[in-house]
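Chains as they are written, first to last, in the numbering used here: chain A, 7 to 90; chain B, 41 to 336. Glycine included, every Cβ here is placed at the ideal spot set by N, Cα and C. Remarks on the structure that follows.
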């Protein structure tokens with residue numbers, strides 16, 4: 007866990023998630039807003055991972071699949087929660 | 041003699057939870073194929089939900105412990121804190137609220153205006169409440185009365201009703217039924233000011249009505265006076281499932297990170313810290329989603 011090396015990138019995603027959750031909390035309770043939120047959180051994460059690993063010159067299929075599977079997992083959890 | 045097969049099997053099991061130094065990979069339980077398995081658990085949950093909703097309507101639902109007396113108390117608490125007079129509980133408005141809740145269950149909708157165009161005011165007028173001002177707040181899937189009133193207070197449009205100086209009376213209905221296949225507790229709050237101010241409910245009338253309501257609650261649920269107790273609370277089942285799996289995965293990532301650092305394993309994988317941030321954000325998001333029921 008090389009925290010210091012990537013502190014700016016980690017802070018960026020943490021701040022983005024914080025802002026997204028804050029806005030979601032104030033968006034109201036519509037099913038539509040929940041679906042948007044369920045998609046926006048993992049989609050951004052996946053995009054971030056591609057860009058980040060591309061510039062690190064470490065973007066491989068294995069790494070992409072790792073991020074894709076986590077993003078899908080998060081999307082399915084949030085989607086299920088939104089339908090309840 | 042060294043039992044190589046046994047050692048190999050033990051090492052292999054260990055690497056389900058710990059990263060592999062030679063392979064430069066994460067613990068097997070964190071491989072993407074295992075994430076597909078975790079995702080499949082939730083997809084199965086979704087499928088079971090939709091199947092049971094159709095085959096066993098009313099078996100799944102949301103438990104609730106909401107009481108009219110508490111709703112009135114919390115509403116008035118907020119009004120007094122904001123320098124407004126207390127509202128008195130009106131039987132006609134409560135009957136209108138009950139009629140609205142029954143109508144929503146009967147016609148399977150959740151909205152201020154029914155699909156056939158019936159307005160909240162229609163229920164108020166049908167119950168012989170001639171009003172000069174009227175309003176309606178709706179809520180569903182809450183567990184406690186205080187959560188309902190707080191959620192209304194947090195929403196600007198509902199807050200406007202709660203803190204309006206145009207109302208003198210209020211009516212509540214807490215009704216349990218099956219909506220969209222789930223057993224659900226609906227809360228309807230109706231506000232009003234009668235055209236004839238002389239007809240405003242007195243405190244004595246209110247207390248008499250409250251006492252009769254409490255009696256009804258005890259008769260319906262003698263053991264606990266709980267409004268609703270669905271056979272299976274889907275929200276709770278999902279929360280246990282989601283937080284257990286997320287907790288397990290989070291713990292594995294933490295273990296993976298610390299073990300790799302301690303043993304100098306330079307894995308060729310994605311960033312553990314980034315995954316941890318994502319999973320923590322998911323946990324926070326779930327808390328936000330489940331903190332409140334729904335209001336309208």
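From the DSSP output, in three-state form, read off residue i for me.
i	result
residue 224 of chain B	strand
residue 59 of chain A	helix
residue 176 of chain B	strand
residue 232 of chain B	strand
residue 309 of chain B	coil
residue 208 of chain B	coil
residue 22 of chain A	helix
residue 65 of chain A	coil
residue 335 of chain B	strand
residue 260 of chain B	Only weak support is given to the placement of residue 260 of chain B: the predicted model assigns it a pLDDT of 49, under 50, and the value that follows is read from those uncertain coordinates. If DSSP states are grouped into helix, strand and coil, residue 260 of chain B belongs with the helices.
residue 71 of chain A	helix
residue 255 of chain B	helix
residue 153 of chain B	coil
residue 216 of chain B	strand
residue 60 of chain B	strand
residue 299 of chain B	helix
residue 129 of chain B	strand
residue 249 of chain B	helix
residue 184 of chain B	strand
residue 170 of chain B	coil
Report the option in the options whose CA atom is closest to the CA atom of residue i.
i	options	result
residue 190 of chain B	B/170, B/162 and B/117	B/117
residue 176 of chain B	B/228, B/325 and B/242	B/228
residue 86 of chain B	A/18, A/83, A/29 and A/15	A/83
residue 59 of chain B	B/321, B/294 and B/136	B/294
residue 56 of chain B	B/70, B/288 and B/114	B/70
residue 123 of chain B	B/115, B/130 and B/129	B/115
residue 133 of chain B	B/121, B/156 and B/232	B/232
residue 320 of chain B	B/290, B/307 and B/247	B/290
residue 315 of chain B	A/24, A/75 and A/25	A/75
Using a C-beta cutoff of 9 Å, does residue i count as contacting chain B?
i	result
residue 61 of chain A	no
residue 76 of chain A	yes
residue 49 of chain A	no
residue 43 of chain A	yes
residue 84 of chain A	yes
residue 53 of chain A	no
residue 38 of chain A	no
residue 57 of chain A	no
Take the Cβ of residue i as the centre, count every other Cβ of all protein chains shown within 10 Å, and call the residue buried at 16 or more, exposed below.
i	result
residue 263 of chain B	The pLDDT assigned to residue 263 of chain B is 38, lower than 50, so where the model puts this residue is not dependable, and the model offers no usable value.
residue 163 of chain B	buried
residue 312 of chain B	buried
residue 296 of chain B	buried
residue 181 of chain B	buried
residue 335 of chain B	buried
Check the Cβ-Cβ distances between residue i and every residue of chain A, and say whether any is below 9 Å.
i	result
residue 274 of chain B	yes
residue 156 of chain B	no
residue 86 of chain B	yes
residue 89 of chain B	yes
residue 240 of chain B	no
residue 182 of chain B	no
residue 82 of chain B	yes
residue 53 of chain B	no
residue 163 of chain B	no
residue 60 of chain B	no
residue 193 of chain B	no
residue 330 of chain B	yes
Requested in this report: Could you list the residues in the stretch 310 to 328 of chain B with a C-beta less than 7 Å from some C-beta on chain A, going in chain order?
Outcome: So the close ones are 310, 311, 312, 313, 314, 315, 317, 318, 321, 322, 324, 325, 326 and 328.
Query raised in the report: If contact means a Cβ-Cβ distance below 7 Å, which residues of the stretch 276 to 287 of chain B contact chain A?
Result: Residues 278 and 282.
Query raised in the report: When Cβ atoms are compared, which residues of the stretch 14 to 30 of chain A fall closer than 7 Å to chain B?
Result: 16, 19, 20, 23, 27 and 30
Query raised in the report: Using Cβ-Cβ distances below 7 Å, what residues of the stretch 62 to 80 of chain B are close to chain A?
Result: Answer in chain order: 72, 75, 76, 78 and 79.
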